[in-house]
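Under my numbering, the sequence shown is numbered contiguously, ending at residue 443.
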Amino acid sequence: MAGLGQGAASTFPAIDAMPEYALVAGADLNPAMRAGFEATYPGTRAYDTIAAMCAAPDIDAVWVATPNRFHCEHALEAMRHGKHVIVEKPMAISLDEADRMVEAAQRHGVRLACGHTRSLSIWNRAMRRIALSGDLGAVTAIHIWAYTDWLIRPRTADELDPEQGGGIVFRQGPHQIDTVRLLGGGLVRSVRAQTGRWLAARPVPGYYTAFLEFENGTPATIMHNGYGYFVMSELYPWVAADERFSDADRARMRSELVAGTRDDDGEKEEWRIGGRRDPTKIRHAGRPGWKPFDLGPVEVSCERGVMRNAENGIVVYSDRGREELDLRDLQRPEADPSGGLSLAILEEFYASIVDDRPLYHDGAWGRATLEVVLALITSARERREIMVSRQVAMPDSYDAGLSVLKVGAA
Ligand SMILES: NC(=O)c1ccc[n+]([C@@H]2O[C@H](COP(=O)([O-])OP(=O)(O)OC[C@H]3O[C@@H](n4cnc5c(N)ncnc54)[C@H](O)[C@@H]3O)[C@@H](O)[C@H]2O)c1
């Protein structure tokens, strides 16, 4: 694991639980993270640089979870040493970086997995399989709206600097963009967007809304308001109790930001390995029900129906009426604080390396999502529609074995 911060800590339980993987080593500049990692996973080794870790001969693959501005550098370092790589979202902060990463994977003959995003959740993958079955006709529109407290949670300086891949568009855009690309086939044609910076104490976009049009004319809208006044879990009673912060917490956090008394670094440490809210210490049940997380509820309109999220799966409205599909049994049983995303990408990555199966979330897929992130930012700045040209389709064969309809009938 390259970078032993908050994202890494929420990924370790899945790696640790999967029989396909052995957690061998981690690297971080911060000695407290290294100590926390070695204490949590006895027998592992902690390095103080990514380069030293990547030189180790007993490591087959590296997960890059350093800040966004280092994704390219650290992925290239790992691939140069012949390691397969999973890189966090966004895969990079420019298309030039993404091109170099795709080229390096080809040159070194290694796998580069991108797209550790909520598109991988079983709820979205099931909706895609139903759409592809043709039962409801073609997908005609996709909508995802999220209200979260993303911007007012503890943030490091790089997370608040757009030049370093900070702000809500770089950090959260990939979840919604990957998801609409998965459901819409992958080939976005154009993007029109606006962003908002509404809190002087957080001088970075904390809001965006975008209208995406696919090559085939299908529209999609995505929206994320991260200012934490309203969080959408309030609408889903089975989720509300899981929220990290209460309404009172959020009001206090915002007022401390405005007053300049907030200790972002100290609070963020609490969510990292060894911290008070260390994700590796929280017991997560395997096969949980649906939660909006930071993605938001997903609604897919089709020619002859609509699909949306429900407590344990999805609801399908069609000419047959209303059917609720319980999808929990389609998830792997291992506990995963990310809600199944880490297990899903790790499973796909392993199959691509060991069984020579296709890697669907490859560099080209991640680059296409990054292109939409960058188009969204440009559209907001220039107040015009931006055409995109580096898009790739998701092959129908992805998830071909996912038997959603069988679960629904059970
Ligand atoms: N897919 C997801 O759901 C998800 C969730 C959380 C974070 N992430 C991603 O993880 C990445 C990191 O985010 P985070 O919230 O964990 O941040 P973080 O600040 O908690 O962790 C980053 C870690 O990298 C270390 N680091 C920084 N520069 C380094 C360097 N040059 N060499 C070695 N170590 C270095 C820091 O010391 C820190 O421990 C981001 O790309 C973010 O998008 C993804």
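In this text, a Cβ means the ideal position worked out from N, Cα and C, and glycines have one as well.
message = Just verifying my parser: in three-state terms, what is the DSSP assignment at residue 394?
response = Stepping through the sequence shown from its first residue, residue 394 is reached at position 361. The answer is coil: DSSP assigns residue 394 none of H, G, I, E or B.
key: Own chain partners of residue 272 with C-beta closer than 6 Å, once the 5 adjacent residues on each side are dropped   = As a position in the sequence shown, residue 272 is number 239, starting the count at 1. Within the same chain, Cβ atoms closer than 6 Å to the Cβ of residue 272 are found at 266, 324, the five residues on either side in sequence being excluded.
request  = Could you name the residues of the same chain whose beta carbon sits closer than 7 Å to that of residue 443, not counting the 5 residues immediately before and after it, in chain order?
outcome  = Here residue 443 corresponds to residue number 410 of the sequence shown, with the count starting at 1. Unreliable positioning characterises residue 443 in this predicted model, as indicated by a pLDDT of 38, which lies under 50. The coordinate reading is nonetheless provided below. Hits under 7 Å: none found.
request  = Let me know if residue 154 comes out buried or exposed under the rule of 16 or more other beta-carbons within 10 Å of its beta-carbon.
outcome  = Looking up residue 154 in the sequence shown gives position 121. Burial check for residue 154: the Cβ neighbour count within 10 Å reaches 16 or more, so the residue is buried.
ask   = ligand 1 heavy atoms versus the CB of residue 100: any closer than 7 Å?
value = Sequence index remark: in the sequence shown, residue 100 carries index 67 (1-based). It does: the Cβ of residue 100 is within 7 Å (strictly closer) of some heavy atom of ligand 1.
task = Kindly give me the distance between the Cβ atoms of residue 84 and residue 110, rounded to whole angstroms, as I take these residues to be in contact under 8 Å.
result = Against the sequence shown, residue 84 aligns to sequence position 51. Against the sequence shown, residue 110 aligns to sequence position 77. About 6 Å separates the two Cβ atoms, so the contact holds.
query = Does the distance from the C-beta atom of residue 147 to that of residue 124 stay below 8 Å?
reply = As a first step, residue 147 is located in the sequence shown; it is residue number 114 there, counting from the start. As a first step, residue 124 is located in the sequence shown; it is residue number 91 there, counting from the start. Against a cut-off of 8 Å, the Cβ pair of residue 124 and residue 147 comes out as a contact.
query = How about residue 329 and residue 177: do their beta carbons lie closer than 8 Å?
reply = Translated into positions along the sequence shown, residue 329 becomes position 296. Translated into positions along the sequence shown, residue 177 becomes position 144. The answer is yes: Cβ separation under 8 Å.
key: beta-carbon residue 177 near ligand 1 non-hydrogen atom, thresh 7 Å   = Walking along the sequence shown from the start, residue 177 turns up at place 144. For ligand 1, not one heavy atom lies less than 7 Å from the Cβ of residue 177.
key: Any non-hydrogen atom of ligand 1 within 7 Å of residue 154 CB   = Within the sequence shown, the letter at position 121 stands for residue 154. Every heavy atom of ligand 1 is 7 Å or more from the Cβ of residue 154, so no.
ask   = Based on the DSSP output, what are the partners of residue 146 in its beta bridges?
value = Reading the sequence shown from its first residue, position 113 is the one you call residue 146. DSSP output for residue 146 lists 119 as bridge partner(s).
key: residue 301 CB to nearest heavy atom of ligand 1 below 7 Å   = The count along the sequence shown starts at 1 and reaches residue 301 at position 268. Yes - ligand 1 has a heavy atom lying nearer than 7 Å to the Cβ of residue 301.
message = Between residue 225 and residue 367, how many whole angstroms is the CB-CB distance? I'm expecting something under 8 Å.
response = Sequence index remark: in the sequence shown, residue 225 carries index 192 (1-based). Sequence index remark: in the sequence shown, residue 367 carries index 334 (1-based). Incorrect: roughly 41 Å between the Cβ atoms, too far for contact.
query = Whose CA, out of 101, 55, 257, lies closest to the CA of residue 21?
reply = A query on residue 21 cannot be resolved here, the shown segment of the chain reaching from 34 to 443 and no further.
ask   = Can you tell me whether residue 231 is buried or exposed, with buried defined as 16 or more other CB within 10 angstroms of its CB?
value = Sequence index remark: in the sequence shown, residue 231 carries index 198 (1-based). It counts as exposed.
query = Cα separation between residue 295 and residue 289?
reply = Taking the first residue of the sequence shown as position 1, residue 295 is located at position 262. Taking the first residue of the sequence shown as position 1, residue 289 is located at position 256. One C-alpha to the other measures close to 5 Å.
task = Using beta-carbon positions only, say whether residue 223 and residue 51 come within less than 8 Å of one another.
result = Counting from 1 along the sequence shown, the entry for residue 223 is found at position 190. Counting from 1 along the sequence shown, the entry for residue 51 is found at position 18. Going by C-beta atoms, residue 223 is not nearer than 8 Å to residue 51.
query = Say the cut is 7 Å; is the CB of residue 201 nearer than that to a heavy atom of ligand 1?
reply = The residue given as residue 201 occupies position 168 in the sequence shown. Result no, Cβ not under 7 Å from ligand 1.
ask   = To the nearest angstrom, how far is it from the Cα of residue 179 to the Cα of residue 260?
value = Locating residue 179 in the sequence shown gives position 146, counting from the first residue. Locating residue 260 in the sequence shown gives position 227, counting from the first residue. Spanning the two alpha carbons is a distance of roughly 11 Å.
request  = Kindly indicate the opening and closing residues of the beta strand (DSSP E) around residue 288.
outcome  = For the purposes of this step, residue 288 is taken as the residue at position 255 of the sequence shown. Unbroken run through residue 288 is the alpha helix (DSSP H), 280-292; no beta strand (DSSP E).
task = With a 10 Å radius around its C-beta and 16 neighbouring C-beta atoms as the bar for buried, classify residue 373 as buried or exposed.
result = Taking the sequence shown and counting its residues from 1, the one referred to as residue 373 is at position 340. The residue is buried, with at least 16 neighbouring Cβ atoms inside 10 Å.
message = Less than 6 Å between C-beta atoms, sequence neighbours within five positions excluded: which residues of the same chain meet that for residue 348?
response = As a working mapping, residue 348 is identified with position 315 in the sequence shown. Closer than 6 Å at the Cβ level, and outside the excluded window around residue 348, lie 341, 357.
task = Might you give, ordered along the chain, the residues of its own chain that have their beta carbon closer than 6 Å to the beta carbon of residue 345, omitting 5 neighbours on each side?
result = Looking up residue 345 in the sequence shown gives position 312. Result list for residue 345: 322, 359, 361, in chain order.
query = What is the DSSP secondary structure of residue 77, reduced to helix, strand or coil?
reply = Here residue 77 is taken as the residue at index 44 of the sequence shown, counted from 1. Correct three-state label for residue 77: coil.
request  = Kindly examine ligand 1 and report whether one of its heavy atoms sits closer than 7 Å to the Cβ of residue 197.
outcome  = Position 164 of the sequence shown, counting from 1, holds the residue named residue 197. False, no ligand heavy atom lies under 7 Å from that Cβ.
message = So residue 251 and residue 174 are supposed to be a Cβ contact under 8 Å. How far apart are they, rounded?
response = For the purposes of this step, residue 251 is identified with residue 218 of the sequence shown, where counting begins at 1. For the purposes of this step, residue 174 is identified with residue 141 of the sequence shown, where counting begins at 1. About 7 Å separates the two Cβ atoms, so the contact holds.
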